[in-house]
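Numbering (the numbering used here), first residue to last: 12 to 306.
This report concerns only the one structure given below.
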């Protein structure tokens, strides 16, 4: 016996609609094609399922008995199909990358999007965490690659410089510095500065300026969105790297260059020297190298 799922679907559609035209439309078939499915099903099982005349179609006793069997077949088919899909999803190639949140905002998000379009079979897990946690994920084998703003001085880690990420001043649209044509570091001294908490890469770099000029933080935050909200409320000014500026596109915010502030952070691609990259990690490694961010 050779009964197809299409025939079972056609039978159940006709049971629900009691009309050949509506049932055919429900499963997106022409009426002749639909009628052929029902006729072939009845021929295959050896008995008629419907009594029909020129005006109506009605289940007969055999058809009523067959409903339960048809529904059991559909249930088994759908369950099996679901298991097959689940198995396929679980066997996707997996890639784990550790990345600092301040790098993800713009550049890495674009990297991942283009990589996904080229390698849809690779499932990417992103560990967006601070620098020390990125390093630990790499050392412990939880991630194959990491993108950070520091180069670790560990013999087992390979580190490649990718590009420099310049820092800019962000301030409220009504802040006095907005109207100043050339802003210098000394101009920042008289205004409240919002800083990031210790342990973040941004704080590590900005402290070089803050310590040199004796600037005090009026408040410290750990999230880019918090910094954006405070500056947009005119609570103070902030210094942030180019890669994060996408986060600060707000009608109340202005981005300004500080002419004598030669402050940049270095972005590195790091991996474990003693572990061979998987094929998917190798693909992403080359994708990164081919799409280095340009300030």
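Note that the Cβ used here is the ideal one computed from N, Cα and C, for glycine as well.
Since this is a predicted model, take the numbers as computed values, not measurements.
| Check | Outcome |
| --- | --- |
| Would you list, in sequence order, the uninterrupted beta strand (DSSP E) runs of no fewer than 3 residues that lie entirely inside the stretch 166-192? | 168-183 |
| Does residue 176 pass the burial test, meaning 16 or more other C-beta atoms within 10 Å, or should it be called exposed? | buried |
| Are the CB atoms of residue 104 and residue 283 within a distance shorter than 8 Å? | no |
| Would you call the CB atoms of residue 247 and residue 256 closer than 8 Å? | no |
| Who are residue 204's beta bridge partners in DSSP? | 228, 248 |
| Is residue 296 near residue 172, with beta carbons less than 8 Å apart? | no |
| Opposite residue 136 in the DSSP bridges: which residues? | 107 |
| Could you spell out where the beta strand (DSSP E) holding residue 283 opens and where it closes? | 275-283 |
| Start and end of the alpha helix (DSSP H) containing residue 143? | 142-150 |
| Looking at the unbroken beta strand (DSSP E) that takes in residue 307, where does it start and where does it end? | With the chain covering only 12 through 306, there is no way to say anything about residue 307. |
| Skipping 5 residues on each side, what residues in its chain have a beta carbon closer than 6 Å to that of residue 272? | 196 |
| Taking the alpha carbon of residue 26 as the point to measure from, which residue in 277, 60, 44 has its own alpha carbon closest? | 60 |
| Would you list the residues sitting across from residue 68 in a DSSP beta bridge? | 63 |
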